[in-house]
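The end of the sequence shown is residue 413 by full-length UniProt numbering, with every number in the run present. To start, the structure itself, in structure tokens.
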Amino acid sequence: MTSVAVLRHAPLVRAVQSRALAVASSSSSVRTTSDVAIPSVSKNNQESRVLLGMSEQDLQQLALEFGQQKYRGKQLHHLLYKRKVKEIQDFSHLPLAFRNELQEAGWSVGRSPIYKEVTAADGTVKLLIKLQDNRLVETVGIPVEDNKGSVRLTACVSSQVGCPLRCSFCATGKGGFSRNLKSHEIVEQVLAIEEIFKRRVTNVVFMGMGEPMLNMKEVLEAHRCLNKDIQIGQRMITISSVGVPNTIRKLASHKLQSTLAISLHAPNQKLREKIVPSAKSYPLDAIMKDCKDYFLQTSRRVSFEYTLLAGVNDAVEHAIELAELLHEWGPGSHVNLIPFNPIEGSEYQRPYKKSVLAFSAALESRKVTASVRQTRGLDASAACGQLRNEFQKIPLVASAEVQQPQLEMAVAS
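In structure tokens form, the structure reads like this:
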């Protein structure tokens with residue numbers, strides 16, 4: 001699909017506009033080896049000089065540029081990712097002069113304070129993290145104990161402040177959109193969860209606020225850091241998307257060993273457009289073709305997320321239609337059924353348990369593997385975006401004007 005074709009559809013255009021506006025109104029967050037090597041910076045450039053998210057190699061280069069021994073970079077890496085120190089002045093292993101020089105040059109660790117913590121009865125913890133620009137972003141820690149007594153800790157991370165896609169059942173979309181998160185702002189969510197639980201995160205899912213594919217560059221950099229620096233296996237990371245043209249194939253080209261999760265929510269194009277407005281710009285058959293390409297390139301099965309909405313998409317007939325859509329996939333796909341989490345002011349209702357079980361059984365009887373996601377943290381504003389909406393009422397949409405060529409570039413990138 002060409003950029004021009006994509007731009008005919010309003011939901012995705014609004015999403016691209018919001019992303020382009022946010023980029024236009026914020027300073028650059030790109031870090032390269034060359035700009036790391038400049039010990040002194042102007043005030044206008046200090047915001048991007050963040051240690052968190054840098055690789056050990058880049059930290060070693062940074063140490064050399066400040067006239068330090070190379071091993072100081074390894075110490076920096078240990079302090080950031082093992083000790084999880086939040087302030088440069090607390091880098092006790094480093095010379096005081098080096099710490100002072102880093103701060104004078106505008107460097108910071110890049111950790112943000114926790115603004116609000118809510119713990120559910122089942123142990124799920126939802127955090128609001130207050131970013132440097134005072135925006136609030138959500139992250140969730142989900143502890144699960146298996147039959148052997150081992151605890152798996154999943155961090156559900158956000159990729160944007162708000163979301164521009166406005167899916168009809170999602171609290172995040174109702175709160176508007178501000179900007180993409182930088183890679184370190186994604187990574188710090190995982191460290192915050194580890195800090196609260198006092199244990200390592202074992203799994204990461206990009207299923208929090210925002211559409212990861214509209215922020216692919218920063219998401220991929222965060223993925224690298226989580227895998228290489230924090231040492232979470234690629235197979236333990238899931239990247240979710242509602243579907244953005246030209247992005248699934250681009251993600252597949254990186255040949256990650258991570259799971260792609262597609263927010264499907266309907267077995268046909270007509271119903272999906274009602275639930276997911278941006279579906280108008282990305283037909284279901286095109287999504288399925290691109291997902292198949294991801295599976296073939298990575299050998300990783302694709303997960304299809306399906307939020308069950310009472311009386312809308314939860315009938316057995318819908319399950320049969322979904323099974324027909326996926327009948328060629330075999331072991332290459334898995335359906336994750338998600339009973340709707342009620343949110344204030346929503347037109348949708350949570351389905352009865354018998355409807356959920358009947359839907360699952362209809363899939364299984366047609367050889368489509370499916371599981372019902374266990375509902376966690378309902379008493380902690382569990383629906384994505386709900387807690388942020390409660391504590392931050394300020395508008396999220398930037399107001400700068402963006403020209404048409406910028407929109408086309410954003411779609412094609």
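Glycine is no exception: its CB is placed at the ideal position from the N, C-alpha and C atoms.
Which residue's Cα is closest to the Cα of residue i: the options?
i           : options                : result
K182        : R301, V356, G210, T202 : G210
V368        : V109, V137, V302, Q231 : V302
H327        : A370, A315, P351, I338 : A370
E317        : L271, L79, V161        : L271
E65         : R83, A105, I232        : A105
E273        : R166, I230, K130, E101 : R166
G141        : F295, E194, T259, Q374 : E194
S333        : L296, F359, P143       : L296
S346        : Q269, G175, S281, L191 : G175
Q189        : H254, F98, L52, R72    : L52
residue 418 : Q69, K82, D58, F359    : Lying outside 1 to 413, the shown extent of the chain, residue 418 is not represented and no answer is given.
V125        : Y352, L59, G149, F197  : F197
A358        : Q103, K228, N313       : N313
Determine the DSSP secondary structure at residue i, reduced to helix, strand or coil.
i           : result
residue 417 : For the chain, the structure presents residues 1 to 413; residue 417 sits outside this window and is missing.
N100        : helix
residue 414 : Here the chain has residues from 1 to 413 only, and residue 414 is not among them.
E138        : strand
S27         : Summary for S27: the model assigns pLDDT 37, below 50, so the residue's position carries little reliability; its value from the coordinates is reported in the next sentence. DSSP places S27 in coil when its eight states are reduced to three.
T32         : The predicted model places T32 with a pLDDT of 36, which falls under 50 and marks its position as unreliable; any figure quoted below should be read in that light. T32: coil per DSSP, three-state reduction.
R224        : helix
I248        : helix
R272        : helix
I186        : helix
V144        : strand
Q89         : helix
S178        : strand
I232        : coil
A370        : strand
V50         : strand
T375        : coil
Tell me, to the nearest whole angstrom, how far the beta carbon of residue i is from that of residue j; I am working on the premise that it is less than 8 Å.
i    : j    : result
T139 : C156 : 7 Å
Q160 : L96  : Wrong, their Cβ atoms sit about 38 Å apart, outside the cutoff.
I275 : F169 : 7 Å
L256 : T307 : Not quite, the Cβ-Cβ distance comes to about 25 Å (not below 8 Å), so this is no contact.
M207 : S240 : 5 Å
E305 : A252 : So it is not a contact: roughly 18 Å between Cβ atoms.
L50  : H184 : With the sequence shown as reference, residue 50 is identified as Val, and Leu is not the correct amino acid for it. That pair is a contact at about 5 Å.
Could you spell out the range, first to last residue, of the alpha helix (DSSP H) harbouring residue i?
i    : result
E347 : Where E347 is concerned, there is no enclosing alpha helix (DSSP H), given that its DSSP letter is neither H nor E.
C163 : Segment: none, C163 is in no alpha helix (DSSP H) and carries neither H nor E.
A63  : 56-65
V316 : 316-325
V356 : 353-364
H254 : Premise fails: H254 is in no alpha helix (DSSP H) and is neither H nor E.
G73  : 71-81
Specify, as a first and last residue, the run of the beta strand (DSSP E) that residue i falls within.
i    : result
T259 : 259-263
T298 : Note, T298: premise wrong, no beta strand (DSSP E); alpha helix (DSSP H) at 284-298.
K130 : 125-130
C167 : No beta strand (DSSP E) contains C167, which DSSP labels as neither H nor E.
F304 : 302-308
R152 : 151-156
E117 : 114-119
F206 : 203-206
S240 : 237-241
With a threshold of 8 Å between beta carbons, is residue i in contact with chain C?
i    : result
H318 : Absence of chain C from the displayed structure is noted, only one protein chain being present.
Within 7 Å: the Cβ of residue i and any heavy atom of the ligand MG?
i   : result
F91 : The ligand MG is not part of the structure shown, which contains no ligands of any sort.
Three or more beta-carbon pairs under 8 Å between the segment 117-125 and the segment 259-277, yes or no? no
Counting pairs of beta carbons, one from the segment 359-368 and one from the segment 308-324, are three or more of them closer than 8 Å? yes
Could you tell me whether the segment 230-238 touches the segment 191-205, using the rule of 3 or more Cβ pairs below 8 Å? yes
Specify whether the segment 63-79 and the segment 129-137 touch according to this definition: at least 3 beta carbon pairs, one from each stretch, less than 8 Å apart. no
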